[in-house]
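Q: Sharing a structure, written as structure tokens. Questions coming.
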Amino acid sequence: MEHLDDTRPRPTGSRPTRAGTEVYDRDWPRGVRSAVRCSAALLGLLLCIDRVAGSLTWWRGGLWLLLAALLLLVLFPVRVSAGPGWLATRRLLRTRRVRTDLLSAVRPVDGVSRRLVLRDTLGNRVEIDPEVLTGNPDLWYRLDEDARRAEAAGTLLCGRTALHRLAGHVDREAALAVFRASGME
0 MEHLDDTRPR PTGSRPTRAG TEVYDRDWPR GVRSAVRCSA ALLGLLLCID
50 RVAGSLTWWR GGLWLLLAAL LLLVLFPVRV SAGPGWLATR RLLRTRRVRT
100 DLLSAVRPVD GVSRRLVLRD TLGNRVEIDP EVLTGNPDLW YRLDEDARRA
150 EAAGTLLCGR TALHRLAGHV DREAALAVFR ASGME
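Residue 167 in numbering that gives the first Met the number 0 sits at position 168 of the sequence shown; the count goes up by one each step and never skips.
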């Protein structure tokens, strides 16, 4: 029987939903569906235009199919996953993995699309979109936890301010999401 004055340790802080397991980008399936829809729409549009014009042949249809497949390859999103001590990005033909507990540099790259370049002491390099981390708190938690470990160990030589800036951005976005969900926007 429990008493009201029993003291039990209570968990504090936000933890990922599945401690000790891999976490993935939640928006990846939506990105895949969007890429497939865009490619299929382009293929359908090109085939319809060619059919209406009366110039559709088997080799032109194959050419339009090849063009739609190339568009799919360009639009296909990168799958980001993380686990204790690592972060990986998987494209169609290649997987890159970086040891986040051995990070040596974190560098933001601005341009047409923002990127975050992570390097570890083993020479591995990964580029990810910072919005993936903003939209997936579990991924951000894994990266932040291991980056703090690398910073404490002294291996993170470059990019501390970039990580702190990104942490502030992720925290702001999470707070705004809470306000939107509660109707206090």
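Backbone N, C-alpha and C define an ideal beta-carbon position, used for all residues, glycine too.
So what does DSSP say about SER112, is it helix, strand or coil?
A: DSSP places SER112 in coil when its eight states are reduced to three.
Q: Just how far apart, CA to CA, sit LEU156 and GLU150?
A: Answer to the nearest angstrom: the Cα atoms are 8 Å apart.
Q: So is ILE48 buried or exposed if we call it buried at 16+ other beta carbons inside 10 Å?
A: ILE48 should be labelled exposed.
Q: Roughly how many whole angstroms lie between the Cα atoms of LEU142 and LEU121?
A: Computed Cα separation, rounded: 17 Å.
Q: I need the DSSP call for ASP119, collapsed to helix, strand or coil.
A: Here ASP119 sits in strand by DSSP.
Q: Could you round the C-beta distance between LEU92 and LEU102 to whole angstroms and report it? I think they count as a contact, below 8 Å.
A: With a Cβ gap of about 26 Å, LEU92 and LEU102 do not count as contacting.
Q: Using the beta-carbon count (16 or more within 10 Å), is MET22 buried or exposed?
A: Before going on, a small fix: residue 22 reads as Val here, not Met. The residue in question, VAL22, is buried, as its Cβ has 16 or more Cβ neighbours within 10 Å.
Q: Report yes if the C-beta distance between LEU42 and TRP58 is below 8 Å; otherwise report no.
A: Cβ distance not < 8 Å, so LEU42 and TRP58 don't count as in contact.
Q: Check each candidate in GLY110, GLY30, TRP85 and LEU115 and name the one with the smallest Cα separation from LEU132.
A: The residue with the shortest Cα to Cα distance from LEU132 is LEU115.
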